[in-house]
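Numbering-wise, this note's numbering puts 166 at position 140 of the sequence shown, and it's gapless, one number per residue.
Beta carbons are placed, not taken as given, at the ideal position from N, Cα and C, and that holds for glycine.
Please read these numbers as outputs of a predicted model, since none were measured by experiment.
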Amino acid sequence: MTDLMEIEAEEYQDVGSLNHSIVQTRMAGFLLNDERFTAMVELSLDARQIDLSQFGLKAKEELKPDICLYPNSVGLKRRDVLRMPEMPLLAIEVVSPKQGIDDILAKFDAYFALEVKSCWLVTPTLQIVTVYSEPDNFKTFDKMATEVIDDILDIRVPLQKIFS
Numbered sequence: 027m028t029d030l031m032e033i034e035a036e037e038y039q040d041v042g043s044l045n046h047s048i049v050q051t052r053m054a055g056f057l058l059n060d061e062r063f064t065a066m067v068e069l070s071l072d073a074r075q076i077d078l079s080q081f082g083l084k085a086k087e088e089l090k091p092d093i094c095l096y097p098n099s100v101g102l103k104r105r106d107v108l109r110m111p112e113m114p115l116l117a118i119e120v121v122s123p124k125q126g127i128d129d130i131l132a133k134f135d136a137y138f139a140l141e142v143k144s145c146w147l148v149t150p151t152l153q154i155v156t157v158y159s160e161p162d163n164f165k166t167f168d169k170m171a172t173e174v175i176d177d178i179l180d181i182r183v184p185l186q187k188i189f190s
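Now the structure itself:
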């Protein structure tokens, strides 16, 4: 019974919500307008080169950010890729109502170990975006800021485009 409850709770955490979906779509849409990058949603990243359990993650072989950003040289392939072997420049996680921040921060530790350059934590209910350039180095942008600034990738996103 406990195993079934854990599976149901785990599945429930992954269920998208209205706010999550709106913010994820707006973020990806805005990033698509930057010709330097290709934005992708829910792309599976091949993480087999590291042991994900060291970060306290249950995943064994893959990670799936809500949004990831690659150089614009990445595009459609004749034969599809199920797990992307190359890591993105940016991984964005949008907090869901039942998702814990610690779980996302553990994923960020794994992303940085996999050499992702930048990670964003988007919290729709608080209308906050936190940009991480390293696991313990971050800047938070809230309603008082006019835009989200990622100095590592030279990206600027107007906050009203995300949360309006």
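{"query": "Return the CA-CA distance between Glu112 and Ser144, expressed in angstroms with no decimal places.", "result": "15 Å"}
{"query": "Report the rounded CA-to-CA distance for Leu147 versus Asp106, giving the unit in angstroms.", "result": "28 Å"}
{"query": "Give the secondary structure of Thr28 by DSSP, where H, G and I count as helix, E and B as strand, and everything else as coil.", "result": "The pLDDT assigned to Thr28 is 43, lower than 50, so where the model puts this residue is not dependable; a value taken from the coordinates is nonetheless given after this. Helix."}
{"query": "Just confirm the distance between the C-beta atoms of Leu69 and Met110, as a whole number of angstroms; I'd bet it's less than 8 Å.", "result": "6 Å"}
{"query": "Let me confirm a value: Glu34 is counted as buried when at least 16 other C-beta atoms fall within 10 Å, else exposed. Which label applies?", "result": "At Glu34, the pLDDT of 40 sits below 50, so the modelled position is not reliable; the number obtained from the coordinates is stated separately. Label assigned to Glu34: exposed."}
{"query": "Just the Cα atoms here: how many angstroms apart are Leu44 and Pro97?", "result": "29 Å"}
{"query": "Going along the chain, which residues of its own chain have a beta-carbon closer than 6 Å to the beta-carbon of Asp168, five neighbours each way excluded?", "result": "Ile154"}
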